[in-house]
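Enquirer:
Residue numbers (our numbering): 20 to 156.
Structural data, given as C-alpha coordinates:
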(Lines of atoms letter the chains of each structure in order from A and count residues from 1; the text may use other names and numbers.)
(Lines give C-alpha, C1' and ligand atoms only; values in the text may rest on other atoms or scores of the structure.)
Protein backbone atom coordinates (compact mmCIF):
# COMPACT_ATOMS: atom_id res chain seq x y z
CA UNK A 1 0.00 0.00 0.00
CA UNK A 2 1.14 3.54 -0.74
CA UNK A 3 2.03 5.64 2.31
CA UNK A 4 1.34 9.37 2.07
CA UNK A 5 2.08 12.11 4.58
CA UNK A 6 -0.57 14.83 4.35
CA UNK A 7 0.49 18.41 5.05
CA UNK A 8 -1.78 20.74 7.02
CA UNK A 9 -2.93 22.71 3.99
CA UNK A 10 -4.46 19.59 2.42
CA UNK A 11 -6.47 18.82 5.56
CA UNK A 12 -7.69 22.41 5.67
CA UNK A 13 -8.61 22.26 1.97
CA UNK A 14 -10.77 19.25 2.77
CA UNK A 15 -12.48 20.50 5.92
CA UNK A 16 -12.96 24.10 4.80
CA UNK A 17 -13.90 23.09 1.26
CA UNK A 18 -11.38 25.56 -0.15
CA UNK A 19 -12.09 25.77 -3.86
CA UNK A 20 -10.66 24.69 -6.24
CA UNK A 21 -8.25 22.67 -4.08
CA UNK A 22 -10.77 20.69 -2.06
CA UNK A 23 -11.64 18.41 -4.98
CA UNK A 24 -8.14 16.89 -4.82
CA UNK A 25 -8.23 16.57 -1.03
CA UNK A 26 -11.61 14.85 -1.26
CA UNK A 27 -10.22 12.34 -3.77
CA UNK A 28 -7.17 11.62 -1.60
CA UNK A 29 -9.22 11.05 1.54
CA UNK A 30 -11.75 8.99 -0.43
CA UNK A 31 -8.94 6.65 -1.47
CA UNK A 32 -7.89 6.37 2.16
CA UNK A 33 -11.44 5.55 3.21
CA UNK A 34 -11.48 2.78 0.57
CA UNK A 35 -8.13 1.49 1.95
CA UNK A 36 -6.35 2.22 -1.35
CA UNK A 37 -3.76 4.42 0.37
CA UNK A 38 -2.49 4.90 3.94
CA UNK A 39 -2.49 8.53 5.05
CA UNK A 40 -0.39 10.03 7.84
CA UNK A 41 -0.11 13.46 9.36
CA UNK A 42 1.52 14.94 12.43
CA UNK A 43 -0.13 15.76 15.74
CA UNK A 44 1.08 19.29 15.04
CA UNK A 45 -1.00 19.39 11.84
CA UNK A 46 -4.09 18.28 13.69
CA UNK A 47 -3.70 20.98 16.34
CA UNK A 48 -2.90 23.64 13.73
CA UNK A 49 -5.93 22.65 11.66
CA UNK A 50 -8.16 23.04 14.69
CA UNK A 51 -6.60 26.39 15.58
CA UNK A 52 -7.04 27.80 12.07
CA UNK A 53 -10.55 26.50 11.44
CA UNK A 54 -12.11 27.34 14.80
CA UNK A 55 -12.62 30.87 13.51
CA UNK A 56 -14.83 29.56 10.69
CA UNK A 57 -16.62 26.50 12.06
CA UNK A 58 -18.57 25.91 15.24
CA UNK A 59 -16.40 24.14 17.84
CA UNK A 60 -18.61 21.05 18.10
CA UNK A 61 -18.78 20.63 14.31
CA UNK A 62 -15.02 21.08 13.92
CA UNK A 63 -14.25 18.50 16.59
CA UNK A 64 -16.64 16.03 14.97
CA UNK A 65 -14.96 16.53 11.60
CA UNK A 66 -11.50 16.04 13.07
CA UNK A 67 -12.70 12.98 14.96
CA UNK A 68 -14.15 11.43 11.80
CA UNK A 69 -10.87 11.97 9.93
CA UNK A 70 -9.09 9.73 12.43
CA UNK A 71 -10.65 6.77 10.61
CA UNK A 72 -8.68 7.74 7.50
CA UNK A 73 -5.39 9.13 8.79
CA UNK A 74 -2.73 7.90 11.20
CA UNK A 75 -1.38 10.56 13.53
CA UNK A 76 2.39 10.72 14.05
CA UNK A 77 3.14 12.13 17.49
CA UNK A 78 5.57 15.03 17.43
CA UNK A 79 8.16 14.11 20.05
CA UNK A 80 11.35 15.65 21.38
CA UNK A 81 13.45 14.00 18.64
CA UNK A 82 11.33 15.54 15.89
CA UNK A 83 11.46 18.95 17.59
CA UNK A 84 15.27 18.80 18.07
CA UNK A 85 15.85 17.65 14.49
CA UNK A 86 13.58 20.41 13.21
CA UNK A 87 15.30 23.12 15.26
CA UNK A 88 18.74 21.95 14.16
CA UNK A 89 17.83 21.48 10.50
CA UNK A 90 18.63 23.79 7.61
CA UNK A 91 14.95 24.06 6.69
CA UNK A 92 13.91 27.71 6.78
CA UNK A 93 10.41 27.10 8.10
CA UNK A 94 10.34 25.39 11.51
CA UNK A 95 6.76 24.16 11.13
CA UNK A 96 7.52 22.59 7.77
CA UNK A 97 10.64 20.98 9.26
CA UNK A 98 8.40 19.34 11.86
CA UNK A 99 6.30 17.91 9.03
CA UNK A 100 9.37 16.63 7.21
CA UNK A 101 10.88 14.94 10.25
CA UNK A 102 7.51 13.47 11.27
CA UNK A 103 7.07 12.01 7.77
CA UNK A 104 10.53 10.48 7.94
CA UNK A 105 9.66 8.51 11.09
CA UNK A 106 7.73 6.11 8.83
CA UNK A 107 10.38 4.00 7.05
CA UNK A 108 8.28 3.29 3.95
CA UNK A 109 6.83 6.78 3.41
CA UNK A 110 6.28 7.10 -0.32
CA UNK A 111 5.04 10.67 -0.70
CA UNK A 112 4.47 13.94 1.11
CA UNK A 113 1.51 15.86 -0.32
CA UNK A 114 1.35 19.64 0.03
CA UNK A 115 0.51 22.74 -1.95
CA UNK A 116 3.55 24.45 -0.40
CA UNK A 117 6.21 22.80 -2.55
CA UNK A 118 8.84 25.53 -2.20
CA UNK A 119 9.37 24.88 1.53
CA UNK A 120 9.68 21.11 1.19
CA UNK A 121 13.07 20.60 -0.38
CA UNK A 122 15.54 17.93 0.74
CA UNK A 123 12.86 15.99 2.56
CA UNK A 124 13.97 12.42 1.98
CA UNK A 125 10.46 11.78 0.65
CA UNK A 126 9.05 12.56 -2.79
CA UNK A 127 6.96 15.74 -2.48
CA UNK A 128 3.97 16.26 -4.76
CA UNK A 129 1.03 18.62 -5.08
CA UNK A 130 -2.32 16.87 -4.58
CA UNK A 131 -3.30 16.74 -8.27
CA UNK A 132 -0.04 14.99 -9.18
CA UNK A 133 -0.23 12.62 -6.20
CA UNK A 134 -3.55 11.32 -7.49
CA UNK A 135 -1.77 10.06 -10.62
CA UNK A 136 0.34 7.75 -8.41
CA UNK A 137 -2.23 6.37 -6.02
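Glycine included, C-beta positions come from ideal geometry on N, C-alpha and C.
Would you report the Cα separation of residue 45 and residue 95, rounded to the nearest angstrom?
Expert: One-based indexing of the chain shown puts residue 45 at position 26. One-based indexing of the chain shown puts residue 95 at position 76. Using only the alpha carbons, I get a separation of about 21 Å.
Enquirer: Tell me the rounded alpha-carbon separation between residue 135 and residue 127.
Expert: Working through the chain shown from its first residue, we reach residue 135 at position 116. Working through the chain shown from its first residue, we reach residue 127 at position 108. Roughly 22 Å between the two C-alpha positions.
Enquirer: In three-state DSSP terms, what is residue 56?
Expert: Along the chain shown, one-based indexing puts residue 56 at 37. Correct three-state label for residue 56: strand.
Enquirer: Does the distance from the C-beta atom of residue 122 to that of residue 65 stay below 9 Å?
Expert: Within the chain shown, numbered from 1, the residue matching residue 122 stands at position 103. Within the chain shown, numbered from 1, the residue matching residue 65 stands at position 46. Contact flag unset, no.
Enquirer: Whether or not the stretch 67 to 84 and the stretch 30 to 50 are in contact is what I'm after, with contact meaning three or more pairs of Cβ atoms, one per stretch, closer than 8 Å; do they touch?
Expert: Yes, the stretch 30 to 50 touches the stretch 67 to 84.
Enquirer: Given this structure, state the Cα-to-Cα distance separating residue 41 from residue 104, to the nearest angstrom.
Expert: The count along the chain shown starts at 1 and reaches residue 41 at position 22. The count along the chain shown starts at 1 and reaches residue 104 at position 85. Cα to Cα, the separation comes out at about 31 Å.
Enquirer: Roughly how many angstroms lie between the CA atoms of residue 52 and residue 92, to the nearest whole one?
Expert: For the purposes of this step, residue 52 is taken as the residue at position 33 of the chain shown. For the purposes of this step, residue 92 is taken as the residue at position 73 of the chain shown. Going from the Cα of residue 52 to the Cα of residue 92 covers about 9 Å.
Enquirer: Can you name the start and end residues of the beta strand (DSSP E) that residue 125 belongs to?
Expert: Counting from 1 along the chain shown, the entry for residue 125 is found at position 106. Premise fails: residue 125 is in no beta strand (DSSP E) and is neither H nor E.
Enquirer: Identify the continuous alpha helix (DSSP H) that holds residue 72 and give its terminal residues.
Expert: In the chain shown, residue 72 corresponds to position 53, counting from 1. Looking at the DSSP string, the run of the alpha helix (DSSP H) that includes residue 72 is 62 to 72.
Enquirer: Within its chain, find whatever has a CB closer than 7 Å to the CB of residue 72; leave out the 5 residues flanking it on each side and keep chain order.
Expert: By 1-based counting over the chain shown, the position of residue 72 is 53. Only 31, 34, 35, 81 meet the Cβ criterion.
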